[in-house]
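In my numbering, the protein residues as written are 22 to 349.
The structure under discussion appears below in the form of structure tokens.
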């Protein structure tokens, strides 16, 4: 969220809450304020000016700044054993950042309002300009090339980069604004909100953050729908398995009830009938002799229904052949 722009008649005391868009630095701050008063989240736009000495570029003449970052980055190709391809790999092997105290001042000359910028390296977005960049390719001999192919790493070279926040750069600072004695300081917010030192203006920075918010909202909706779809298919699959298990239990219950009914009928008819009944279906007469075990326990229909390889239901021995049994 963004706060209201202060009017010229509003006392310029460091107070309030939320995000405040600070007035132009060329406007003198009226009324002063007690030390320690602050705006928890404020927006300041101004031009970079060093407090004391400036940092000079190591590679570019007459290039002065207040933040200097020197980076050495290694570039090489690494063999991927899974895809069997050479992939680019980058690694920072050395990085050094130098800073010097600096202020944000109004673009117009002669204005006395300045804002001291504290802890610039803690900013979530620190706009540094690349003033020097050079790639140093690796010099390789034939034996080096063979060794690199064996090891799976092929060095390409070292990239040397110098980035600076130059004096005179227009900068937008978003953070906590504190009045410390006579010095106005911009520092990282204590509430954990992001701290920005960007070369773009506040409107552009706000649009960028809104675009990020829209992106994450869309991503959240997409993942939400994907999660719902996955849950739906999982629950549907579980429901089908439950129905199948329920149907199987129902069939087992019906089969058990049928067996019990047949047993009761056979007991009523006599033990001889039960003795000659198939041990599987209990309804047909035994009509098969299983070899080599010699058991007589099944009718022809139940023998045909036995799964392969066919085994005797009594002793579980493999059935090599079947001899029909004729009852006289």
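For each residue, glycine too, the CB sits at the ideal point set by N, CA and C.
Given the structure is predicted, the values throughout are model-derived calculations rather than measurements.
Neighbourhood of residue i by C-beta distance below 6 angstroms, restricted to the same chain and skipping five residues each side
| i | result |
| --- | --- |
| residue 336 | 314 |
| residue 205 | 136 |
| residue 306 | 297 |
| residue 43 | Confidence in residue 43 is poor, its pLDDT being 47 and thus under 50, which makes the residue's placement unreliable; the coordinate value appears in the next sentence. Taken in chain order, the residues that qualify are 63, 64, 65. |
| residue 91 | 117, 183 |
Close beta carbons around residue i, own chain, < 8 angstroms, minus the five adjacent residues each side
| i | result |
| --- | --- |
| residue 107 | 98, 99, 100, 101, 175 |
| residue 343 | 309, 310, 311, 312, 324 |
| residue 345 | 308, 309, 310, 321 |
| residue 247 | none |
According to DSSP, residues forming a beta bridge with residue i
| i | result |
| --- | --- |
| residue 200 | 205 |
| residue 339 | 332 |
| residue 13 | Missing from the structure shown is residue 13; the chain here goes from 22 to 349 and no further. |
| residue 108 | 99 |
| residue 311 | 343 |
Close-in-space but distant-in-sequence residues of the same chain around residue i (CB under 7 angstroms, 5 per side omitted)
| i | result |
| --- | --- |
| residue 280 | 303 |
| residue 330 | 339 |
| residue 221 | 193 |
| residue 144 | 216, 217, 218 |
| residue 332 | 338, 339, 340 |
C-alpha gap between residue i and residue j, whole angstroms
| i | j | result |
| --- | --- | --- |
| residue 76 | residue 233 | 34 angstroms |
| residue 61 | residue 113 | 36 angstroms |
| residue 66 | residue 190 | 11 angstroms |
| residue 141 | residue 231 | 23 angstroms |
| residue 351 | residue 183 | Nothing about residue 351 can be reported from this structure: the residues present for the chain run from 22 to 349 only. |
| residue 165 | residue 110 | 19 angstroms |
| residue 257 | residue 263 | 10 angstroms |
| residue 162 | residue 115 | 26 angstroms |
| residue 87 | residue 238 | 37 angstroms |
| residue 235 | residue 207 | 28 angstroms |
| residue 118 | residue 83 | 19 angstroms |
| residue 96 | residue 147 | 25 angstroms |
| residue 243 | residue 261 | 27 angstroms |
| residue 347 | residue 271 | 36 angstroms |
Is it a yes or a no for the region 144-160 touching the region 177-196, going by three-plus beta-carbon pairs under 8 angstroms?
Cβ pair count under 8 angstroms is three or more, so yes.
Is it the case that the region 117-126 contacts the region 68-86, given that we only count it when at least three CB pairs across the two stretches are under 8 angstroms?
yes
Count Cβ pairs between the region 209-220 and the region 188-197 that sit closer than 8 angstroms; are there 3 or more?
Judged by Cβ distances under 8 angstroms, the region 209-220 makes contact with the region 188-197, as three or more pairs qualify.
Within the region 163-194, ranges of the beta strand (DSSP E) (whole runs, at least 3 residues):
Listed in chain order, the complete beta strand (DSSP E) runs (minimum 3 residues) inside the region 163-194 are 174-187.
Length-filtered (3 minimum) beta strand (DSSP E) runs lying within the region 59-106:
59-71, 85-101
At 4 residues or longer, and completely inside the region 246-300: list those alpha helix (DSSP H) runs for me, N to C.
292-296
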